[in-house]
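Okay, so here's the structure we're looking at.
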Amino acid sequence: MEVSYREEGVASAASSVAGRLVADGVPARLAGGDPTLWGEDAEAEAAVRLGWLTLPRSSRELLPELGELAERARAAGLTNVVLAGMGGSSLAAEVICDTADVPLTVLDTTDPGQVRRALTEPLEATIVVVAGKSGSTVETDCHLRIYERLFADAGLAPAGRIVVVTDPGSPLEQRALDGGHHLFLAPPDVGGRYSALSAFGLVPSALAGADVARLLDDAEEILPLLSRDTGNPGLDLGAALGGSALAGRDKLLLEDQLSSISGLPDWIEQLVAESTGKQGRGILPIVGADPTRAGDELVVAIESDGGDVRVDGPLGAQFLVWEYATAIAGLLIEIDPFDQPNVAESKDNTASLLALPDLPTGGPAFTDGPVEVYGAVTAKDLPGVFAELLRAVPGDGYLAITAYLDRLAAFDAPVPDGADFEQMTDAWMMADPATLRALLALRTDRPVTFGWGPRYLHSTGQYHKGGPQNGVFLQITGAVAEDVPVPGRPYTLGRLQLAQALGDLGALETRGRPAVRLHLTDRVAGVAHLLAAAQEA
Ligand SMILES: O=P(O)(O)OC[C@H]1O[C@H](O)[C@H](O)[C@@H](O)[C@@H]1O
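Count the sequence shown with my numbering and you get residues 533 to 1069, in order.
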């Protein structure tokens, strides 16, 4: 595992803080689990949040049970592995499985179309891992209800097909016991976003066929380095992140195009944004963008040369080093890296909205083709809205696009007969709302981020609300063609999804942030219209 500085500025920012960290004995104290490092206010939380430091060893005890479970599932023909879990309860497994190239369907959405898509897989071959630390996350609750009902309706015993991962004492533990589901209890002293090497990362990955023992080996190998004052990759990365943020480079562009690890930036995004984005401070991760060389940008490249910092190492070691580095960066910018004080706001708003007979969407300011525009805008068409939002981004700020849509829908785009791979990817790109990020980024030197709702609520959502108040927000929602009822609940997934979007928008508006919602009355035509307007603006 190696962290190397490739640029003068980052080396000097890191060395300006590393000396102090070493003088205070931070490396050994952190590796030893000292909860006093983040100050008095954070101590109580830190005292029950440092268990991730010992996971490379303690998680080994899961391996025999995981091996047997995976074997039994294979023997029973349960080859369609679905993971229902939000944020820290699914992001690591997604990276592990993508990297190992084993199929895993991740359900971290309330989009009815995307959930229906998962449900088209043969039920008799399906095993569902329901993962939630708190056991009270609404999305995960819905997915469990939907699968329990489907299995029951199909006459398939849910007990052998649902595996639950949760903390001891959570409501999900009780449901697993009541339902007779296979239950894994995770260590309660590990926070969600630090849980990659716990049962949360390992159970779904092992079921899907990834080599999880190898992951633990790779993490364990670097464990001894983390208490060292020199040659400590966690300290080197943490000093670069925290030192650069203190020097004004608080936008973290993650570059991984050449990496053999697939999708790590999405996991890092949650870890860094949710850990640091609070009290008006924080580091903003940017995924999938090209460097702009703006003064507040730090580029960290995973296994490639294109960055100010280069991080090399296998996935298990990457998880541990990024966690350690985030804890160090938190210490340097003086926040508590283990809480998420502003996540609950949008959830509370959503719950209040769902209690109303109708969702208060209000009327659109205007409609441009298949796109309704909601919010305080002076523009009269979509190109004008984009221009207005981009103008509103402060010199140190960012534009965040969030899309409450099906993140796989672009792959349904029609491809011309006989199309080669390039033509196919072009067709997908032009049907993908995420392309809007790239198009708008061409027109500003400020960072443009993109997140799928409600997934981002458990990640960058904390930063948007708790971090520096310099964000401008463009939210996209869409009409639902075929909704999905949630058994035992008075709402459908479509209604929940819209309530989540409106709940978050409300939380941003309360802070006085510019926020506009674009509603696609026809999703396919709407995405095409948005992309055309972004090119025109
Ligand atoms: O694992 P759960 O309890 O379902 O929580 C899932 C996610 O929920 C919240 O949004 C937290 O802020 C995240 O850190 C967490 O990963």
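The beta-carbon is built from N, C-alpha and C at its ideal position, and this holds for glycine as well.
Out of Gly1058, Ala779, Arg1049, point me to the one whose CA is closest to Ser548's CA. Here residue 548 is taken as the residue at index 16 of the sequence shown, counted from 1. Closest by alpha carbon: Ala779.
From the DSSP output, in three-state form, read off Asp900 for me. By 1-based counting over the sequence shown, the position of residue 900 is 368. Here DSSP, grouped into helix, strand and coil, assigns Asp900 to strand.
Quick check on Pro654: buried or exposed, where buried means 16 or more other Cβ atoms within 10 Å of its Cβ? Within the sequence shown, the letter at position 122 stands for residue 654. Burial is judged here by how many other beta carbons sit within 10 angstroms of a residue's own beta carbon; Pro654 has fewer than 16 and is exposed.
What are the boundary residues of the beta strand (DSSP E) that Tyr537 is part of? The residue given as residue 537 occupies position 5 in the sequence shown. Counting along the chain, the beta strand (DSSP E) containing Tyr537 begins and ends at 534-537.
Could you tell me the distance, in whole angstroms, from the CA atom of Gly916 to the CA atom of Leu922? Taking the sequence shown and counting its residues from 1, the one referred to as residue 916 is at position 384. Taking the sequence shown and counting its residues from 1, the one referred to as residue 922 is at position 390. Computed Cα separation, rounded: 10 Å.
Exposed or buried, Glu954, counting other C-beta atoms within 10 Å across all chains shown (16 or more means buried)? Locating residue 954 in the sequence shown gives position 422, where the first residue counts as 1. Glu954 is exposed by the Cβ-count criterion.
Same chain only: Cβ atoms within 8 Å of Asp871, ignoring 5 sequence neighbours per side: Translated into positions along the sequence shown, residue 871 becomes position 339. Only Ala574, Glu577, Lys810 meet the Cβ criterion.
Taking 8 Å as the threshold (C-beta atoms), are Glu534 and Gly845 in contact? Translated into the one-based positions of the sequence shown, residue 845 becomes position 313. Translated into the one-based positions of the sequence shown, residue 534 becomes position 2. Yes.
Report yes or no: do three or more beta-carbon pairs, one from the segment 694-705 and one from the segment 968-976, lie closer than 8 Å? In short, these stretches do not touch, since the Cβ pair count stays below three.
According to DSSP, simplified to helix, strand and coil, what is Thr669? Your numbering for residue 669 matches position 137 in the sequence shown. Of the three classes helix, strand and coil, the one that applies to Thr669 here is coil, per DSSP.
Please state whether DSSP places Trp570 in a helix, a strand or coil. Stepping through the sequence shown from its first residue, residue 570 is reached at position 38. Here DSSP, grouped into helix, strand and coil, assigns Trp570 to coil.
So, Gly664 versus Ala691, is the Cβ gap smaller than 8 Å? Start at 1 with the first residue of the sequence shown, and residue 664 comes out as number 132. Start at 1 with the first residue of the sequence shown, and residue 691 comes out as number 159. Not a contact, by the Cβ cut-off of 8 Å.
Along the chain, where does the beta strand (DSSP E) containing Val1004 start, and where does it finish? Residue mapping note: residue 1004 aligns to position 472 of the sequence shown, counting from 1. 1003-1010 is the extent of the beta strand (DSSP E) around Val1004.
C-alpha distance - Val831 paired with Ala859, whole-angstrom precision: Residue mapping note: residue 831 aligns to position 299 of the sequence shown, counting from 1. Residue mapping note: residue 859 aligns to position 327 of the sequence shown, counting from 1. Distance between the alpha carbons of Val831 and Ala859 is about 19 Å.
Quick one: which unbroken beta strand (DSSP E) runs of 3-plus residues sit fully inside the segment 730-787? Chain order, please. If we require 3 residues or more, the beta strand (DSSP E) runs fully inside the segment 730-787 come out as 783-787.
Presumed contact (8 Å Cβ cut-off) between Gly1026 and Pro644, rounded CB distance: Position 494 of the sequence shown, counted from the start, is the residue given in the question as residue 1026. Position 112 of the sequence shown, counted from the start, is the residue given in the question as residue 644. Yes, Gly1026 and Pro644 are in contact; Cβ-Cβ is about 5 Å, under 8 Å.
Return yes when the C-beta of Gly724 is under 7 Å from any heavy atom of ligand 1, and no when it is not. Counting from one through the sequence shown, the residue named residue 724 turns up at place 192. Correct: Gly724 has its Cβ closer than 7 Å to ligand 1.
Could you say if the segment 812-820 and the segment 780-789 meet the contact criterion of at least three C-beta pairs nearer than 8 Å? Yes, the segment 812-820 touches the segment 780-789.
Close Cβ partners of Asp900 (< 6 Å) along its chain, the five nearest in sequence each way excluded: By one-based count along the sequence shown, residue 900 stands at place 368. Answer for Asp900: Asp913, Leu914, listed in chain order.
Please list, in chain order, all residues of the same chain as Glu752 whose beta carbon is under 7 Å from its beta carbon, the five residues on each side excluded. Here the question's residue 752 lines up with position 220 in the sequence shown. Within the same chain, Glu752 has close Cβ partners Pro588, Arg589.
Going by C-alpha distance, which of Ala1031, Leu1063, Val670, Ser807 is nearest Thr882? As a position in the sequence shown, residue 882 is number 350, starting the count at 1. The candidate whose alpha carbon is nearest that of Thr882 is Ala1031.
Whole-angstrom distance between Gly557 and Val1056, CA atom to CA atom: As a working note, residue 1056 is residue 524 in the sequence shown. As a working note, residue 557 is residue 25 in the sequence shown. Those two C-alpha atoms are separated by around 56 Å.
Which class does His713 belong to by DSSP, given the choice of helix, strand or coil? In the sequence shown, counting from the first residue as 1, residue 713 sits at position 181. His713: coil per DSSP, three-state reduction.
Consult DSSP for Asp844 and reduce its assignment to one of helix, strand or coil. Here residue 844 corresponds to residue number 312 of the sequence shown, with the count starting at 1. Residue state, collapsed to three classes: strand.
Do the segment 550-569 and the segment 751-767 make contact, defined as three or more Cβ pairs closer than 8 Å? As far as the Cβ criterion goes, the segment 550-569 touches the segment 751-767, which means the pair count is three or higher.
Thinking just about the alpha-carbon of each residue, which of Arg693, Thr698, Arg681, Leu767 is nearest to the one in Val853? As a working mapping, residue 853 is identified with position 321 in the sequence shown. Measuring from the Cα of Val853, the nearest candidate turns out to be Leu767.
Just to confirm the assignment: which complete alpha helix (DSSP H) runs, minimum length 4, are found wholly within the segment 613-687? Counting whole runs of 4 or more residues, the segment 613-687 contains the alpha helix (DSSP H) stretches 623-632, 644-651, 670-685.
So the candidates are Val662, Thr642, Gly862, Thr910; which of them puts its Cα closest to the Cα of Ala771? Along the sequence shown, one-based indexing puts residue 771 at 239. Here the closest residue by C-alpha is Gly862.
Let me make sure I understand the geometry here. Which of Ile1008, Leu1034, Val1018, Tyr936 has the alpha-carbon closest to that of Pro986? As a position in the sequence shown, residue 986 is number 454, starting the count at 1. Among Ile1008, Leu1034, Val1018, Tyr936, the Cα nearest to that of Pro986 belongs to Tyr936.
Counting only runs of 4+ residues fully inside the segment 549-611, write out the alpha helix (DSSP H) ranges in chain order. Listed in chain order, the complete alpha helix (DSSP H) runs (minimum 4 residues) inside the segment 549-611 are 558-563, 572-579, 587-590, 595-607.
Ala543: which of Pro1017, Ser776, Glu855 sits nearest, CA to CA? Taking the first residue of the sequence shown as 1, we reach residue 543 at position 11. Nearest of Pro1017, Ser776, Glu855 to Ala543, Cα basis: Ser776.
Would you mind stating whether Tyr906 and Val1048 have Cβ atoms separated by less than 8 Å? Position 374 of the sequence shown holds residue 906. Position 516 of the sequence shown holds residue 1048. Taking a C-beta distance under 8 Å as the contact criterion, Tyr906 and Val1048 qualify as a contact pair.
Taking only three categories from DSSP, how would you classify Gly983? Along the sequence shown, read from residue 1 onward, the residue named residue 983 stands at position 451. Assignment of Gly983 by DSSP, reduced to helix, strand and coil, places it in the strand class.
How about Thr981: is its Cβ closer than 7 Å to a heavy atom in ligand 1? Within the sequence shown, residue 981 is the residue found at index 449, counting from 1. Relative to ligand 1, Thr981 has its C-beta separated by 7 Å or more from all heavy atoms.
Taking the alpha helix (DSSP H) that Val804 falls in, what are its first and last residues? If you number the sequence shown from 1, residue 804 lands on position 272. Val804: member of the alpha helix (DSSP H) spanning 796-808, first to last residue.
Pick helix, strand or coil for Pro813, following the three-state DSSP scheme. Position 281 of the sequence shown, counted from the start, is the residue given in the question as residue 813. Correcting the residue identity first, residue 813 is Arg in this sequence and not Pro. In the structure shown, the three-state DSSP call for Arg813 is strand.
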